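Sequence order for the protein chains is A and B.
To convert, take the position in the first sequence, counting from 1, and add 8; that gives my numbering.
To convert, take the position in the second sequence, counting from 1, and add 93; that gives my numbering.
For every residue, glycine included, the Cβ atom is placed at its ideal position computed from N, Cα and C.
Please read all numbers here as calculations on a predicted model, not as lab measurements.
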Amino acid sequence: MRKADIANEIYEKVGVSKKEASDIVEFILNLLKAVLQKGEAVKIAGFGNFVVRSKGARKGRNPRTGEEIGITPRRVVTFRPSQVFKKYVNQP
Amino acid sequence: MTKAQIIERVAQEVTTLTKRQAEVVVNTIFNSVRNSLQKGDKTEIRGFGSFRLRARRMKEGRNPKTGATVAVPAKKVPFFKAGKELKDLLNQ
Numbered sequence: 009m010r011k012a013d014i015a016n017e018i019y020e021k022v023g024v025s026k027k028e029a030s031d032i033v034e035f036i037l038n039l040l041k042a043v044l045q046k047g048e049a050v051k052i053a054g055f056g057n058f059v060v061r062s063k064g065a066r067k068g069r070n071p072r073t074g075e076e077i078g079i080t081p082r083r084v085v086t087f088r089p090s091q092v093f094k095k096y097v098n099q100p
Numbered sequence: 094m095t096k097a098q099i100i101e102r103v104a105q106e107v108t109t110l111t112k113r114q115a116e117v118v119v120n121t122i123f124n125s126v127r128n129s130l131q132k133g134d135k136t137e138i139r140g141f142g143s144f145r146l147r148a149r150r151m152k153e154g155r156n157p158k159t160g161a162t163v164a165v166p167a168k169k170v171p172f173f174k175a176g177k178e179l180k181d182l183l184n185q
């Protein structure tokens, strides 16, 4: 599934134009990205939480050459699915 | 930021939508990701990230209270991988 499929579902359910539906999807994704960029978590009841975590510097290796390289400190997004979501995908 | 706050923001800034419609829009986005995973499909949202299921093997667990061994069945868990754009945004 892709963004266009989501926009299409919104178009069918809400009665906005296709163009508008895809603009709204874009608006929401940009909002989520801006929130995460601030380091703030996004919590979606029944779906899960997106949390920003900071990682320190560490040493890594190029798996191909075995050469040791430094990995700089960085921020990453982790997603923790809710219990509801986890149960849902294990239904037959 | 919670789902309720996202709905609030969408209703405020997308002036063509009522509060109720904003709620349907936001729910549709997360529900369609969830439904697509349940059907065994993956979802790729350009600029944000992708969702797919990861298989977990059956394992031996323990009841922490009694210490009794219990079998934890194999299952699938939702997994999110941040896209390049989101990763870069967090590390600017």
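- Restricting attention to alpha helix (DSSP H) runs no shorter than 4 residues, the segment 105 to 139 of chain B encloses them at 112 to 131, ordered along the chain.
- In this chain, the beta strand (DSSP E) harbouring A:K51 covers 50 to 52.
- Comparing alpha-carbon positions, the option among A:K51, A:S25, A:R61, A:P81 lying closest to A:S90 turns out to be A:K51.
- Annotation for A:N57: the continuous beta strand (DSSP E) segment containing it runs 56 to 63.
- The segment 55 to 63 of chain A makes contact with the segment 78 to 95 of chain A: 3 or more CB pairs, one atom from each, lie closer than 8 Å.
- Note on geometry: alpha-carbon atoms of A:K95 and B:L182 lie some 32 Å from one another.
- Residue contact with chain A for B:V165: absent (no Cβ-Cβ distance below 8 Å to any residue of chain A).
- Within chain A, the residues placing a beta-carbon under 7 Å from that of B:R127 are F55, F93, Y96, ordered along the chain.
- Among the CB atoms of chain B, none fall inside 8 Å of the CB of A:I77.
- Contact of A:K67 with chain B is not assigned, every C-beta pair being separated by 8 Å or more.
- For the pair A:A29 and A:T73, the Cα-to-Cα distance works out to about 47 Å.
- Shown here for A:T80: same chain residues with a beta carbon closer than 8 Å to its own, the five before and five after excluded, namely A65 in chain order.
- The residue from B:T108, B:D134, B:R139 with its alpha-carbon nearest to that of B:E178 is B:R139.
- Between the C-alpha atoms of B:L146 and B:R113 there is a straight-line separation of about 31 Å.
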